[in-house]
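Participant:
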Amino acid sequence: MAAIEPVLRSGASLSRPRRWRLVRHAPLSDKLALGMLALITLLALLGPTLAPHDPLAAVGPPSHPPSWQYPLGTDEVGRDMFSRVLCGLQSTWLAALAVIVGGVLIGGAIGLVAGATGGWVDTVLMRITDVFLALPASILAIAVVAAIGPSLFHTLLAVSILWWPYYARLVRAEIRSLAARPHIEAARLAGVGWGGRLWRHLLPGAVPTAVVAASLDVANLVVLLAGLSFLGLGAQPPAPELGSMTATGLSSLLTSWWIPVMPAIAIFLLSLIANTAGDSIRDLMDRS
Amino acid sequence: MSAPIEVLGSGAAATTATERPVVDAADLDVWLTRDHLESHVLRGVDLQIAPGEIVGLVGESGSGKTVLGMSLLRLLPEGARPRVEGRIEVDGIDMLAAPEEALRELRRHRLGAVFQDPMTSLDPTMRIGGQLREVAESDGDAIELLGAVGVPEPKRRLRAFPHELSGGLRQRVMIAMAIAGEPRLIVADEPTTALDVTVQAQILDLLSKLCRDLGCSLLLVTHDLAVAAQIAQRVVVLYGGRIAEVAPTAALLEHPRHPYSAALLRSRLDVEMDVTRPLPTLHGEPPDPRDLPVGCPFAPRCEFARPDCEAALPSLDPGPGPGRFDACIRSEEIDLRPKRVELEPWVAPLVDPQAEDALVAAAVQVDAGSSSFWRRGSTVKILNGVDLRIAAGECVALVGESGCGKTTLVKAVAGLVETSGGALDVGDKSPQMVFQDAGSSLTPWLTSRELVEERLRSCGVPRAQRAERVEAVFAQVGLPAWAVDARPAQLSGGQRQRVAIARAIVAPPKLLLCDEPTSALDVSVAAGVLNLIGRLRRELGMAILFVTHDIAVARLIADRVAVMYLGRIVESGPATTVIADPVHPYTKALISSLPGSGGRIKLKGSPPSLFDPPSGCAFHPRCSHAREECATRPPRIVAVGDSRHEVDCVLAEEQG
Ligand code: SF4
Ligand code: SF4
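So the sequence lines, in the order shown, correspond to chains A and B. Just so we're aligned, residue 0 is where the first sequence starts under numbering that gives the first Met the number 0, counting upward by one. Just so we're aligned, residue 0 is where the second sequence starts under numbering that gives the first Met the number 0, counting upward by one.
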């Protein structure tokens, strides 16, 4: 049939996608930031295995300054600071990640349902979210932990409860704007059910926003968790945790500076890396 | 065959060699950067515009036409880090060297700009009067300006906000601002594209009249050759960042010298063309400005291409006749006079009036409530008693201007909009739909395969057969095999629309709904999609409800046409009858607004607001046949002649 021929020929002449070129050609600084992020996560995971000494046992002379044997010195009772910082890295870093993941999951689910359903469900869920958002997070966390007793687990629980509303709002806003696009109507006409539309046609669109927000948030959390430990509301001494190590070591600042300063530097590096990596992730997502 | 386009612009100031041109751009190169990729958007463009001359700049998306217009104003988007080489002189001022202050002064007093969407260039928070006063000296001047551009009751409009005006009026306000400084040059970028056909003609007339009266030049940037041809004295055809052809309008229409101009002319739709066979199309897509061929940019699509066409950029050389230039190395040897390419005729579609109807709509009502918790009440009737029947296998075009309710009707049929009265029967198989903006109707992160397979899954096709069905349907809609695993962003506009069509027909529905599927596409690509829909309908025996604002498209694709105005179908009947011999005054006006249809009936005003529908016949404030009773009593729908030709007008009541 001659009628088909011109139509068939009018297929494509455009060159193939160049999406990956963008990622591969990402600036060196972005690759570096992401590399550092991977490295620090690896360090955190392997911390206890890499530690040369038991972080809880006195292994050397007390308050020994940094030396070849004890690279970061020892604390007031002679525990190896290097091993303690490595293990502290693990609890702080993994705790921050756990809270973020929890917040994204809870907040994301609530935002998704609210944004996709609309109507009164949306209103109710968002009013609840607003109530949580209105509470000052750190003060509430302090109150909760003070009420149920200080421990790292309780702190994580308290912070998780407070961290999701932000993601709920973010995801809901994204979902609402996606839900207004014709592709949702098109999916409905194609016979995709409510769950399928939510899962396949709405949720993936909100993922980049949530990931970017979360990656920029990790640094805040590291600082908040360290701060809470610093106030004595997180992991209890002698457990190695960067915030509480800084706090308890503060009294020796003038005599043995390395005891509070080494964990403080670790906190600083951790939040710096998290922040730059968050920026890089945002840039990469923007570009692709 | 002579071209059926009227040239309205009465050859005002023709180019005289002694006068210095208002615009003199030479050897202009522009690079823009998007997503870290630099593209060479204009490649050595020369353009001169004489004082008082109207030049049409025609090109498809990505041709660089908008960039050229903006370069003349030195208004290229800073975000795209423009790099400009060459020379641009406007009114004797070197636009590339002049300091920003001088440019601002020049733009304020000597240049005017009119854009496609006036809403983006007018300040939404400021009254019209306030915005006009920035360019006019006094209120008196502002009123005079509004009067000059044909805004009724100019005094009252000064207090209006932009959103309170209709699209046509907003465009007039933009034009008023553009002429306030008594400009030497106006750049109008797609000034009529967003407007309804009946309003389009008014704006074009206004622009050409103002240029004559003020003696200023106009660069009319448009994708539509027919629009340019209506008022331009000279047309510049741009393709892939190069000028393909420059010629006086009449000469170009009669005898294009560049194969691309000829193809544009051929793919133009008009009301005289042969509807019994497919449209001649241009294969392929316009070049990607990030990846332009080294040789003639048209070579991949050109039927006359020779190997040496791809070797180097053809230069723009003078052709025979005054003011003619073309950039085709073979323009001397090939004859491109518009001729009908004889494609094999369509087979007759299988319309089966005996079988169960694909759609029966009876007295359908759709209300949009603006009532909220504390403010109850005012509902708007978007559809006000619509009756429509589509027989099995039949194609009905729903024609009307924006806001007439045509899209709402389609969505109601699709079940995407709740009806508040009447009955809709689409049989047992749910209809499928193709949307206007294919890009946003495809889920951006899913591949074409996933989108189409999803449809198969919901139709209960076993997993094992799906891959095969997907590949078959992609071949059927003319998509290359790699498109199966591409995401929408990797496809061009025409390909996206084909993916959307593939999803709709992979399990053939009884009724396919098409909501302006080609209006967002380039002319040369749209023809291919129309052919595709025409062919699929015959192959699959589907009925189609095709929404369009373009009568020529309706005539081409449909067996029957239904014309809507303000939520009612005012006339429906066989396409050829309705278009050749319309009865309702509104249909007459719509059809007369097409280029080439002879005398144009100019409608007063613009379509009324749904919030404040006129009493009696909704059309009476604009109808030139209106009588007293029209304002008080709604007309009855009566049949005229035979074969289901129905009209909603008192004139027809008397005839029928
Ligand atoms: S130069 Fe060659 S490819 Fe280009 S338009 Fe002319 S014939 Fe076609
Ligand atoms: S009913 Fe009257 S106003 Fe309406 S279209 Fe007919 S003549 Fe015009």
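By construction, the Cβ of each residue, glycine as well, lies at the ideal position given by its N, Cα and C atoms.
Nearest CA to the CA of His63 of chain A: which residue from A:Thr275, A:Thr254 and A:Ile272?
Facilitator: Residue 63 of chain A sits at position 64 when you count from the first residue of the first sequence. Checked all of A:Thr275, A:Thr254 and A:Ile272; the closest Cα to His63 of chain A is A:Thr254.
Participant: Closer than 7 Å by C-beta to Glu84 of chain B: which residues in its own chain qualify, once you throw out the five before and the five after it? Chain order, please.
Facilitator: In the second sequence, the residue the question calls residue 84 of chain B occupies position 85. Asp28.
Participant: Report buried or exposed for Arg83 of chain A, applying the criterion of at least 16 other Cβ atoms within 10 angstroms of its Cβ.
Facilitator: Indexing the first sequence from 1 puts residue 83 of chain A at position 84. Answer is buried; the Cβ neighbour count reaches 16.
Participant: So what does DSSP say about Ile333 of chain B, is it helix, strand or coil?
Facilitator: Looking up residue 333 of chain B in the second sequence gives position 334. Ile333 of chain B: coil per DSSP, three-state reduction.
Participant: Rounded to a whole number of angstroms, what is the C-alpha to C-alpha distance between Ser447 of chain B and Arg199 of chain A?
Facilitator: What you label residue 447 of chain B is simply residue 448 of the second sequence in a count that begins at 1. What you label residue 199 of chain A is simply residue 200 of the first sequence in a count that begins at 1. When rounded, the distance between both Cα atoms is 14 Å.
Participant: Can you give the Cα-Cα distance for Arg171 of chain B and Ile230 of chain B, rounded to whole angstroms?
Facilitator: Along the second sequence, read from residue 1 onward, the residue named residue 171 of chain B stands at position 172. Along the second sequence, read from residue 1 onward, the residue named residue 230 of chain B stands at position 231. When rounded, the distance between both Cα atoms is 17 Å.
Participant: Where in the region 101–149 of chain A do unbroken runs of the alpha helix (DSSP H), each at least 4 residues long, occur, reported from the N-terminal end onward?
Facilitator: DSSP runs (the alpha helix (DSSP H)) wholly in the region 101–149 of chain A: 118–133 and 136–147.
Participant: Under 9 Å between beta-carbons, which chain B residues line up against Arg175 of chain A? List them in chain order, please.
Facilitator: Position 176 of the first sequence, counted from the first residue, corresponds to residue 175 of chain A. The premise fails here: Arg175 of chain A is roughly 15 Å from chain B at the closest Cβ pair, so nothing lies under 9 Å.
Participant: Taking beta-carbon pairs under 9 Å, can you tell me which members of the region 189–200 of chain A lie near chain B?
Facilitator: The region 189–200 of chain A vs chain B, Cβ under 9 Å: Ala189, Gly190, Val191, Gly192, Gly195, Arg199 and His200.
Participant: Cβ of Ala311 of chain B versus every heavy atom of ligand 1: is any distance shorter than 7 Å?
Facilitator: Residue mapping note: residue 311 of chain B aligns to position 312 of the second sequence, counting from 1. No, the Cβ of Ala311 of chain B stays beyond 7 Å of every heavy atom of ligand 1.
Participant: Quick one: does Thr275 of chain B have its CB under 8 Å from some CB of chain A?
Facilitator: Looking up residue 275 of chain B in the second sequence gives position 276. No, because no Cβ of chain A sits closer than 8 Å to the Cβ of Thr275 of chain B.
Participant: For a contact meaning CB atoms closer than 7 Å, what does Ala37 of chain A contact in chain B?
Facilitator: For the purposes of this step, residue 37 of chain A is taken as residue 38 along the first sequence, with counting starting at 1. Ordered by position in chain B, no residue passes the 7 Å Cβ test against Ala37 of chain A, which lies about 24 Å from the chain.
Participant: With respect to the alpha helix (DSSP H) encompassing Ile48 of chain B, which residues constitute its N-terminal and C-terminal limits?
Facilitator: Sequence index remark: in the second sequence, residue 48 of chain B carries index 49 (1-based). First-last for Ile48 of chain B: Leu36 to Ile48, but that is the beta strand (DSSP E), not the alpha helix (DSSP H).
Participant: Could you give the distance in angstroms between the alpha-carbon of Ala112 of chain B and the alpha-carbon of Val398 of chain B?
Facilitator: In the second sequence, residue 112 of chain B corresponds to position 113, counting from 1. In the second sequence, residue 398 of chain B corresponds to position 399, counting from 1. When rounded, the distance between both Cα atoms is 32 Å.
Participant: So that I know if they touch, is there some Cβ in chain A lying closer than 8 Å to that of Phe160 of chain B?
Facilitator: If you number the second sequence from 1, residue 160 of chain B lands on position 161. No, Phe160 of chain B does not count as interfacial toward chain A.
Participant: Give the residues of chain B in contact with Gly204 of chain A, contact being defined as C-beta atoms less than 9 Å apart.
Facilitator: Counting from 1 along the first sequence, the entry for residue 204 of chain A is found at position 205. Going along chain B in sequence order, the residues near Gly204 of chain A (Cβ under 9 Å) are Thr442, Pro443 and Trp444.
Participant: Indicate whether Leu268 of chain B and Leu544 of chain B have their beta-carbon atoms separated by less than 8 Å.
Facilitator: Stepping through the second sequence from its first residue, residue 268 of chain B is reached at position 269. Stepping through the second sequence from its first residue, residue 544 of chain B is reached at position 545. No, they are not a contact pair.
Participant: Run through chain B and tell me which residues come within less than 7 Å of Ala209 of chain A, C-beta to C-beta.
Facilitator: Your numbering for residue 209 of chain A matches position 210 in the first sequence. Within 7 Å Cβ-Cβ: nothing; Ala209 of chain A doesn't reach chain B, min ~14 Å.
Participant: Asn274 of chain A and Leu223 of chain A: beta carbons closer than 8 Å?
Facilitator: As a position in the first sequence, residue 274 of chain A is number 275, starting the count at 1. As a position in the first sequence, residue 223 of chain A is number 224, starting the count at 1. No, these two residues do not count as a Cβ contact at 8 Å.
Participant: Helix or strand or just coil, what does DSSP make of Ile600 of chain B?
Facilitator: Counted from its first residue, the second sequence places residue 600 of chain B at position 601. Ile600 of chain B: coil per DSSP, three-state reduction.
Participant: Using a 10 Å radius around the Cβ and a threshold of 16 neighbouring Cβ atoms, would you call Cys622 of chain B buried or exposed?
Facilitator: Along the second sequence, read from residue 1 onward, the residue named residue 622 of chain B stands at position 623. Looking at its Cβ environment, which holds 16 or more other Cβ atoms inside 10 Å, Cys622 of chain B is buried.
Participant: Taking 7 Å as the line, does the beta carbon of Ala298 of chain B fall inside it for any heavy atom of ligand 1?
Facilitator: Mapped onto the second sequence, residue 298 of chain B falls at position 299. Checking every heavy atom of ligand 1 against the Cβ of Ala298 of chain B, one is found closer than 7 Å.
Participant: Measuring only the C-alpha atoms, how far is Gln89 of chain A from Gly248 of chain A?
Facilitator: Translated into the one-based positions of the first sequence, residue 89 of chain A becomes position 90. Translated into the one-based positions of the first sequence, residue 248 of chain A becomes position 249. Whole-angstrom Cα-Cα distance: 19 Å.
Participant: Could you tell me which of B:Ala147, B:Arg486, B:Val498 and B:Arg456 sits nearest to Ala474 of chain B, measuring between CA atoms?
Facilitator: Mapped onto the second sequence, residue 474 of chain B falls at position 475. The shortest C-alpha separation from Ala474 of chain B is found at B:Val498.
Participant: Assign Ala651 of chain B to buried or exposed, taking buried as 16 or more other Cβ atoms, counted over all protein chains shown, within 10 Å of its Cβ.
Facilitator: Position 652 of the second sequence, counted from the start, is the residue given in the question as residue 651 of chain B. Burial call: buried.
Participant: Report back the beta-carbon spacing between Ala243 of chain B and Val236 of chain B to the nearest angstrom; my notes put them in contact at under 8 Å.
Facilitator: For the purposes of this step, residue 243 of chain B is taken as residue 244 along the second sequence, with counting starting at 1. For the purposes of this step, residue 236 of chain B is taken as residue 237 along the second sequence, with counting starting at 1. Going by Cβ atoms, the distance from Ala243 of chain B to Val236 of chain B rounds to 5 Å, so yes, they are a contact pair.
Participant: Am I right that Ala246 of chain A and Phe229 of chain A are in contact with their C-beta atoms under 8 Å? What's the rounded C-beta distance?
Facilitator: Here residue 246 of chain A refers to the residue found at position 247 of the first sequence. Here residue 229 of chain A refers to the residue found at position 230 of the first sequence. Rounded, the Cβ-Cβ distance is 4 Å, consistent with contact.
Participant: For Val150 of chain B, I'd like the list of residues in its chain whose CB is within less than 8 Å of its CB, leaving aside the five on either flank, ordered along the chain.
Facilitator: Along the second sequence, one-based indexing puts residue 150 of chain B at 151. Once the five neighbours on either side are set aside, the close Cβ partners of Val150 of chain B are Arg156, Leu168, Arg171, Val172 and Ala175.
Participant: At 9 Å on the CB atoms, spell out the chain B contacts of Arg281 of chain A, in chain order.
Facilitator: Reading the first sequence from its first residue, position 282 is the one you call residue 281 of chain A. Under the 9 Å cutoff, chain B gives no residues; its nearest Cβ is about 15 Å from Arg281 of chain A.
Participant: Where does Pro279 of chain B sit, in a helix, a strand or coil, going by DSSP?
Facilitator: On the second sequence, residue 279 of chain B is found 280 positions in, with the first residue counted as 1. Coil at Pro279 of chain B, not helix or strand.
Participant: Nearest chain A C-beta to Ser371 of chain B closer than 8 Å, yes or no?
Facilitator: Residue numbering aside, residue 371 of chain B sits at position 372 when the second sequence is read from its first letter. Confidence at Ser371 of chain B is low in this model, with a pLDDT of 45, below 50, so its placement is unreliable and no value can be given for it.
Participant: Taking the runs of the alpha helix (DSSP H) that are 4 residues or longer, which of them lie wholly in the region 203–258 of chain A?
Facilitator: The qualifying runs are 241–248.
Participant: Determine the direct distance from the alpha carbon of Trp119 of chain A to that of Glu133 of chain B, and round the result to whole angstroms.
Facilitator: Taking the second sequence and counting its residues from 1, the one referred to as residue 133 of chain B is at position 134. Taking the first sequence and counting its residues from 1, the one referred to as residue 119 of chain A is at position 120. The straight-line gap from Cα to Cα measures roughly 46 Å.
Participant: For Leu511 of chain B, write down the residues that DSSP places opposite it in a beta bridge.
Facilitator: For the purposes of this step, residue 511 of chain B is identified with residue 512 of the second sequence, where counting begins at 1. Partner(s): B:Gln431 and B:Ile543.
Participant: Let me check one thing: in DSSP terms, what residues is Asp366 of chain B bridge-paired to?
Facilitator: Here residue 366 of chain B refers to the residue found at position 367 of the second sequence. Bridge partners of Asp366 of chain B: B:Lys380.
Participant: Can you tell me whether DSSP reads Trp92 of chain A as helix, strand or coil?
Facilitator: On the first sequence, position 93 is the one that residue 92 of chain A refers to. Trp92 of chain A: helix per DSSP, three-state reduction.
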